[in-house]
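J.: Those letters in the first sequence? Residues 0 to 741, by numbering that gives the first Met the number 0.
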Amino acid sequence: MSGRSVTGWVLDVIPDACGMTVWFRAKPGKTLALKAPFRPSFTLAGGKLRDAGIRAAAQRWRCDVAPGEGIEFFSGKTMPAWTLTVTSPALLMATVRKAENAFGPMALFNADVAPEQQFSFSTGLYPLARAQVECAPDGTILSSRVLDDPWDVEAPWPAVTTAFLKVEGKGHPAHGRTRPLLFAADGRTHVLLWEDGERFLRDFQKLLADADPDLLVTEYGDDFILPRMLALAAMHRAPFLIGRDPRAAGRRDSGGGEIRRSRERSYVTYGQVIFRAAPHMLSGRWHVDARNSFLFGETGLPGLFELCRLSGITLQRMARSSPGTAISAMEVALALRRGILVPYKKREPEEFKSGADLVTTDKGGLTYLPRPGLHEKVGELDFASMYPSLMDRYNISPETINCACCGKRSPGGRPGTPVPEIGAHTCARRRGLIPDTLAPILEKRRLLKGRQKAALAPDARDFFRKRQTALKWILVVSFGFLGYKNARFGRIEAHEAVTAWGREKLLAAKEIAEREGFFFLHGLTDAVWVEKEGAAEEDYRELAEKIGRETGMPIALEGVYRWLAFLPSKRNPSVGVPNRFVGAFADGEIKARGIAMRRRDTPPFVAAFQRALLARMSEAEDLAALREMMPELREMEKDAAIALREGRVPPEALAVSRRLSKEPERYVANTVAAAVTRELCGRGVTLHPGSKIRYLLTGDGSAETRGRAIGFLDGSESPDLARYEQMLHEAADEVLCLVVGG
DNA sequence: AAAGTACGGGG
DNA sequence: GTGTACGTACTTT
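1. What span of residues does the beta strand (DSSP E) with Ala-423 cover, start to end?
2. Could you tell me the alpha carbon to alpha carbon distance between Val-605 and Ser-656, rounded to whole angstroms?
3. Going by beta carbon distance, what residues of the same chain come within less than 6 Å of Ala-508, once the five residues before and after it are set aside?
4. Could you tell me the distance, in whole angstroms, from the CA atom of Leu-727 to the CA atom of Glu-651?
5. Identify whether Lys-695 lies in helix, strand or coil by the three-state DSSP scheme.
6. Closest to Gly-431 by C-alpha separation, out of Ile-339, Leu-373, Ala-486, Leu-446, would be which residue?
7. For Asp-586, is the classification buried or exposed, using 16 other Cβ atoms within 10 angstroms of its Cβ as the cut-off for buried?
8. Terminal residues of the continuous beta strand (DSSP E) containing Phe-519?
9. Have a look at Ala-423 and Thr-416 and give me their C-alpha separation to the nearest angstrom.
10. For Arg-705, which residues in the same chain have their Cβ closer than 6 Å to its Cβ, ignoring the five residues on either side in sequence?
11. Alpha carbon to alpha carbon, how far is Val-287 from Gly-168? Give it in angstroms, no decimals.
12. Determine the DSSP secondary structure at Cys-17, reduced to helix, strand or coil.
13. Counting Cβ pairs closer than 8 Å, one from the stretch 386-402 and one from the stretch 494-514, do we hit at least three?
14. Taking the alpha carbon of Phe-102 as the point to measure from, which residue in Glu-420, Trp-81, Ala-173 has its own alpha carbon closest?
15. Taking contact to mean at least 3 C-beta pairs separated by less than 8 Å, is the stretch 377-395 in contact with the stretch 529-547?
16. Can you tell me which of the three DSSP states Val-166 falls into?
17. Please state the DSSP three-state secondary structure of Phe-351.
18. Could you give the uninterrupted runs of the alpha helix (DSSP H) lying entirely in the stretch 536-623, keeping only those of 4 residues or more?
19. Would you mind listing the beta strand (DSSP E) stretches within the stretch 0-75 that are 3+ residues and don't spill past its ends, in chain order?
20. How is Tyr-266 classed by DSSP in three states: helix, strand or coil?
21. Spatial neighbours of Arg-346 within its chain, please: C-beta separation below 8 Å, excluding the five flanking residues on both sides.
22. Taking buried to mean at least 16 other C-beta atoms within 10 Å of its own C-beta, is Ser-4 buried or exposed?
23. Do Arg-24 and Pro-157 have their CB atoms nearer than 9 Å?
24. Ordered along the chain, which non-local residues of its own chain (more than five positions away) have a Cβ less than 6 Å from that of Glu-68?
25. His-279 and Pro-226: beta carbons closer than 9 Å?
26. Given Ala-65, which residues of its chain have a CB within under 6 Å of its CB, disregarding the five upstream and five downstream residues?
27. Give the secondary structure of Leu-281 by DSSP, where H, G and I count as helix, E and B as strand, and everything else as coil.
28. Flag this pair as touching only if the stretch 691-698 and the stretch 664-681 have three or more C-beta atom pairs under 8 Å; answer yes or no.
29. In the DSSP assignment, what are the bridge partners of Pro-663?
30. Per DSSP, what are the beta-bridge partners of Ala-742 in this structure?
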């Protein structure tokens, strides 16, 4: 009876030399730093390993060794395995490297699972878990009991207090003149000036201490604000405390001991170069840089909580990761639970380049080319989470595709499930790791969508929407991971099986629709557009039900369009393209793809104009009403042009945004964007592949004079009116071209 | 005409 | 601590 019992939530788990620091929310406003001794481990396995050799090595590396067995992922066969436990989380990486040198990378398993995830998996104290812990007087956790289940849709979550920190105005603060800092908490905003460094740091820390938020949301905190503050503190040799770690207070290292920083990087994903600033992670408080977090931007705090709970990844790391990291961690967690040996995935940058021919693509989905034209009362039907649902339903996984146990020469000759078109089969005896990871996610997303629909208050609806959107994202990327050669649990044949089934199902949807007397207009991977004289919403719903029943795949009516335009290709106006269309649903909602307002590089003013045009067009009940609207729509274009000419449009609204795809000095073509990149570099701004730039188009002449960086405008510049008017005109024409013709 | 550059998707 | 596509559109050479 040496300890006390505390009930609350795990907020964060941070490895150190002795084990884990568990930041624990005991009650509102009370956060405890508990200690949990923890020793991470990894596994050696393989036919050539000898017990004596492993024991000798383990002794050299001061590891405990436990012989046992593990399941080889692809074959499902059991083999001897030795689990090596290191004495401290800090030693894991170094010991894994030694083991790799001694026994080769192929003998290593479960070797790149982060210590905090190992801790989550083995104790159940995953981030945001509700638990009851028994602690010693010094805060050491003696025992714990997890009180909730990450799969529980209704599990209670901790209340979180938030403060916001950003530089005044828009855009990257380093890409313009110095602007003051804004700190917002408890409904009040405070302005801080950088000029008097010592005072600035003092004021900021006072504000932060008074507000004492659990979460500090910044804009460009990783990229600008925190590094600048740290540099300022170092320059003035001033203390700088931004987390809640009391141990940091005694140090004079300007917060260096309290902020964990990892490296900045540029990386390519889905053909786009992304720059990610060095994460600045705090102790006892979360820092999320909203501008450096895809997931926070898309799904907010509820989405991050959801993914932390399911994946065991801590919140600050999750905020800076892709959905792929979460799904990958969940696959690993399930593999570990089942005793499957998780292959070691070495980081070998030189291998990245060589694999171009094996690269996976999102190709393989069935696409049609719709004939350009206008339609009324079109129904759009979408298969829900088509690819993950197929993986679940047809048991598609790297180890189940063309498995030996169901092959032609299998004992007893029991056949697997044939995959259409590609002459492959999936296992009919043993469920795959990937489908078993996905099935509960699909189910939870379905439940969350149901709660979203049923919720009455907008807040509650938003809460469920964000959570189900987070799950949607990990479902989307789970498919990409399946086909990526270097992914832990990837195999190209599994990827092909999914797209083959996808084509089969889309084709089936088309045929069922046609059989039922609908005219097939367009199909795109998991969606079909169909029409039928006199069909109402109810008829489309019935069709969706029929298709769902016959294909065994959930499909829903996305909506019935009042009018819908499949837009022509700009290069060749007589043909359509799969992904350029715009239409208005019966409820007035617009759905548009491939047009200016959907593009990031379109100036906000032009995008807003196109949106306004479509908003008006969405009021037209049918094509006749739309045609009658034409004079009014052209009038809108004229009004926008007048606002532009009269100087009523601020430069911010005219900014063209671009993301650099390479190092600034590597640009060959002398484009306006390249000239602005040079301008920014000349002003001392650091730009990387993936950095975003924004510029105003100004007058004609050489590239140098045709664009200016938004952040350094001095008021003497005037926008290139002719160019912007042309953009307005093109934005209008793009959505009106077919209406004019009719 | 060819090469360089950037965009979307999903909801 | 992620996952190097592909087709379209536009600009420069």
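C-beta atoms are modelled at their ideal positions from N, C-alpha and C, and glycine is treated no differently.
T.: Walking through what the data contain:
1. From DSSP, the beta strand (DSSP E) with Ala-423 extends over 423-425.
2. Using only the alpha carbons, I get a separation of about 12 Å.
3. Result list for Ala-508: Val-527, Ile-546, in chain order.
4. Rounded to the nearest whole angstrom, the C-alpha separation of Leu-727 and Glu-651 is 16 Å.
5. A quick correction: the sequence has Leu, not Lys, at residue 695. For Leu-695, the three-state secondary structure derived from DSSP is strand.
6. Comparing Cα-Cα distances from Gly-431 to each of Ile-339, Leu-373, Ala-486, Leu-446, the minimum goes to Ile-339.
7. Label assigned to Asp-586: exposed.
8. 518-523 is the extent of the beta strand (DSSP E) around Phe-519.
9. Straight-line Cα distance between these residues: approximately 8 Å.
10. Hits under 6 Å: Val-671.
11. Spanning the two alpha carbons is a distance of roughly 19 Å.
12. Reduced to three states, the DSSP call for Cys-17 is coil.
13. Yes, since at least three Cβ pairs between the stretch 386-402 and the stretch 494-514 fall closer than 8 Å, the two stretches touch.
14. Closest option to Phe-102, Cα to Cα, is Trp-81.
15. Touching, per the Cβ criterion.
16. Here Val-166 sits in strand by DSSP.
17. Interpretation of Phe-351 is limited by its pLDDT of 38, a score under 50 that renders its predicted location unreliable; the figure taken from the coordinates is listed afterwards. Looking at Phe-351 - three-state DSSP - the assignment turns out to be helix.
18. Here the runs fully enclosed are 536-550, 603-616.
19. Whole beta strand (DSSP E) segments, 3+ residues: 3-14, 18-26, 29-36, 40-44, 63-70.
20. Assigned with DSSP and collapsed to three states, Tyr-266 falls in strand.
21. With a pLDDT of 46 at Arg-346, under the threshold of 50, the predicted position of this residue should be treated as unreliable, and no value is reported.
22. Flag for Ser-4 reads exposed.
23. Yes, the Cβ-Cβ distance between Arg-24 and Pro-157 is below 9 Å.
24. Around Glu-68, the same chain offers Thr-77, Pro-79, Ala-80 as residues with beta carbons nearer than 6 Å, after the five sequence neighbours per side are excluded.
25. Judged by beta-carbon spacing, Pro-226 lies within the 9 Å limit of His-279, meaning their Cβ atoms are closer than that value.
26. Apart from the 5 residues on each side of it in sequence, Ala-65 sits with its Cβ closer than 6 Å to the Cβ of Thr-82 in its chain, given in chain order.
27. Coil.
28. By the Cβ rule, the stretch 691-698 counts as touching the stretch 664-681, because three or more pairs are nearer than 8 Å.
29. Per DSSP, none; premise fails for Pro-663.
30. Because the chain spans 0 through 741 in this model, residue 742 falls outside it and cannot be assessed.
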